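Enquirer: Residue numbering for the sequence shown is 105 to 349, as defined by the working numbering.
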Amino acid sequence: VSREGSERLVRKAIQHCVERDQGSVTLVHKGNIMKYTEGAFCQWGYEVAREEFGATEKDGGPWLAFKNPVTGREIVIKDVIADNFLQQILLQPEEYDVIATMNLNGDYISDALAAQVGGIGIAPGGNIGDGLAVFEATHGTAPGFAGKNRVNPGSLILSAEMMLRYLGWTEAADLIIKGVAGTIKNGELTFDLARLRSAIRKPKRKAKTHNKEEVQQQLEELIPGARLVGTRGFGRAIIRHMMDK
Numbered sequence: 105v106s107r108e109g110s111e112r113l114v115r116k117a118i119q120h121c122v123e124r125d126q127g128s129v130t131l132v133h134k135g136n137i138m139k140y141t142e143g144a145f146c147q148w149g150y151e152v153a154r155e156e157f158g159a160t161e162k163d164g165g166p167w168l169a170f171k172n173p174v175t176g177r178e179i180v181i182k183d184v185i186a187d188n189f190l191q192q193i194l195l196q197p198e199e200y201d202v203i204a205t206m207n208l209n210g211d212y213i214s215d216a217l218a219a220q221v222g223g224i225g226i227a228p229g230g231n232i233g234d235g236l237a238v239f240e241a242t243h244g245t246a247p248g249f250a251g252k253n254r255v256n257p258g259s260l261i262l263s264a265e266m267m268l269r270y271l272g273w274t275e276a277a278d279l280i281i282k283g284v285a286g287t288i289k290n291g292e293l294t295f296d297l298a299r300l301r302s303a304i305r306k307p308k309r310k311a312k313t314h315n316k317e318e319v320q321q322q323l324e325e326l327i328p329g330a331r332l333v334g335t336r337g338f339g340r341a342i343i344r345h346m347m348d349k
């Protein structure tokens, strides 16, 4: 954990918060135990907020606050211990806007948050730096599903939406969001989303997974009119729902 790397990360998080007019940046760390690494990260983060953004103590500290220079909205810089934070994002996710943390904590947090919105199959990802950005799906490869027209392409498609928004192509990005939202609302679901929506239990027979027919049957019982679609079908549905009025 370096000072330079920590400062760059927190600086970018605060800039992101300002640009999107959000209300808080949370430094997530385990500094109560890892005092010279994660504790230092938290300390350096607060220093960046004070020295570069003019943040001052809020209610006596240690939290800080400053006014968004564009909108005038208050932005709070706060910190939370990592294990407590994993509880808080399940109970009160609305309390947190932008999160700044280190790689290990970030891996735990991003998967936990993805689980609340449909899983990593639909969670987008972006690596945004000073002047450069790379956008990619948050999940890894799945060679066992290659060529089977079964996986959810949502993570990659929504990563493209993030890229378009980063480039300033807001109208195109909005169309993707409209298409994805319309597809899911209409009950056109890939296997992973269907299993979540239909709360399917593990089969009693000795099989590792449910087959397509079982999933479709249970999905229809829970959500009348819902339909199981493959990778290609999900993509086509997104395009179709972009044209919804």
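No residue lacks a Cβ here, since even glycine has one placed at the ideal position from N, Cα and C. Every value quoted in this text rests on a predicted model; they were computed, and no experiment measured them.
Could you check whether the region 122–139 touches the region 183–194, counting it as contact only if at least three pairs of C-beta atoms, one from each stretch, sit closer than 8 Å?
Expert: A contact exists between the region 122–139 and the region 183–194.
Enquirer: From GLU212 to ILE224, what distance separates their C-alpha atoms?
Expert: The residue labelled residue 212 in the question sits at position 108 within the sequence shown. The residue labelled residue 224 in the question sits at position 120 within the sequence shown. Note that residue 212 is Tyr in the sequence shown here, rather than Glu. Rounded to the nearest angstrom, the two C-alpha atoms are 12 Å apart.
Enquirer: What runs of the alpha helix (DSSP H), each 4 residues or longer, lie entirely inside the region 206–249?
Expert: 207–219
Enquirer: Please state whether DSSP places ILE203 in a helix, a strand or coil.
Expert: If you number the sequence shown from 1, residue 203 lands on position 99. Strand, per DSSP.
Enquirer: Suppose you measure from the CA of TRP167 to the CA of ALA237; what does that come to, to the nearest Å?
Expert: Along the sequence shown, one-based indexing puts residue 167 at 63. Along the sequence shown, one-based indexing puts residue 237 at 133. The straight-line gap from Cα to Cα measures roughly 30 Å.
Enquirer: Taking only the alpha-carbon atoms, compute the straight-line gap between ILE343 and GLY283 and give it to the nearest angstrom.
Expert: Taking the first residue of the sequence shown as position 1, residue 343 is located at position 239. Taking the first residue of the sequence shown as position 1, residue 283 is located at position 179. Answer to the nearest angstrom: the Cα atoms are 6 Å apart.
Enquirer: In this structure, does DSSP put THR287 in helix, strand or coil?
Expert: Start at 1 with the first residue of the sequence shown, and residue 287 comes out as number 183. Reduced to three states, the DSSP call for THR287 is helix.
Enquirer: Could you check where the beta strand (DSSP E) with SER259 kicks off and where it finishes?
Expert: Residue numbering aside, residue 259 sits at position 155 when the sequence shown is read from its first letter. Per DSSP, SER259 is not a residue of any beta strand (DSSP E); the alpha helix (DSSP H) it occupies stretches across 258–270.
Enquirer: Does the beta-carbon of LEU195 have 16 or more other beta-carbons within 10 angstroms, so that it is buried, or is it exposed?
Expert: Locating residue 195 in the sequence shown gives position 91, where the first residue counts as 1. LEU195 is exposed by the Cβ-count criterion.
Enquirer: Taking all protein chains shown into account, do 16 or more other C-beta atoms lie within 10 angstroms of the C-beta of GLY233, making it buried, or fewer, making it exposed?
Expert: Residue numbering aside, residue 233 sits at position 129 when the sequence shown is read from its first letter. Its Cβ having fewer than 16 others within 10 Å, GLY233 is exposed.
Enquirer: If you compare alpha carbons, which of PHE249, VAL333, GLU240 is closest to LEU297?
Expert: Working through the sequence shown from its first residue, we reach residue 297 at position 193. Its Cα nearest to that of LEU297, the residue VAL333 stands out among PHE249, VAL333, GLU240.
Enquirer: Where are the alpha helix (DSSP H) runs, 4 residues long or more, that stay fully inside the region 121–172, in chain order?
Expert: 142–157
Enquirer: What is the rounded straight-line gap between the Cα of LEU131 and the Cα of PHE189?
Expert: One-based indexing of the sequence shown puts residue 131 at position 27. One-based indexing of the sequence shown puts residue 189 at position 85. Rounded to whole angstroms, LEU131 to PHE189 spans 10 Å at the Cα level.
Enquirer: Buried or exposed: where does ARG177 fall if 16 or more other Cβ atoms within 10 Å of its Cβ makes it buried?
Expert: Mapped onto the sequence shown, residue 177 falls at position 73. Classification for ARG177: exposed.
Enquirer: What do you get for LEU271, buried or exposed, if any count of 16 or more other CB atoms within 10 angstroms of its CB means buried?
Expert: Walking along the sequence shown from the start, residue 271 turns up at place 167. By the 10 Å Cβ count, LEU271 comes out exposed.
Enquirer: In whole angstroms, what is the alpha-carbon distance linking LYS289 and PHE157?
Expert: In the sequence shown, residue 289 corresponds to position 185, counting from 1. In the sequence shown, residue 157 corresponds to position 53, counting from 1. Put simply, the backbone Cα of LYS289 is about 41 Å away from that of PHE157.
Enquirer: Just mark ARG350 as buried or exposed, buried being the case when its beta carbon has 16 or more other beta carbons within 10 Å.
Expert: Since the first residue of the chain shown is 105 and the last is 349, residue 350 is not available in this structure.
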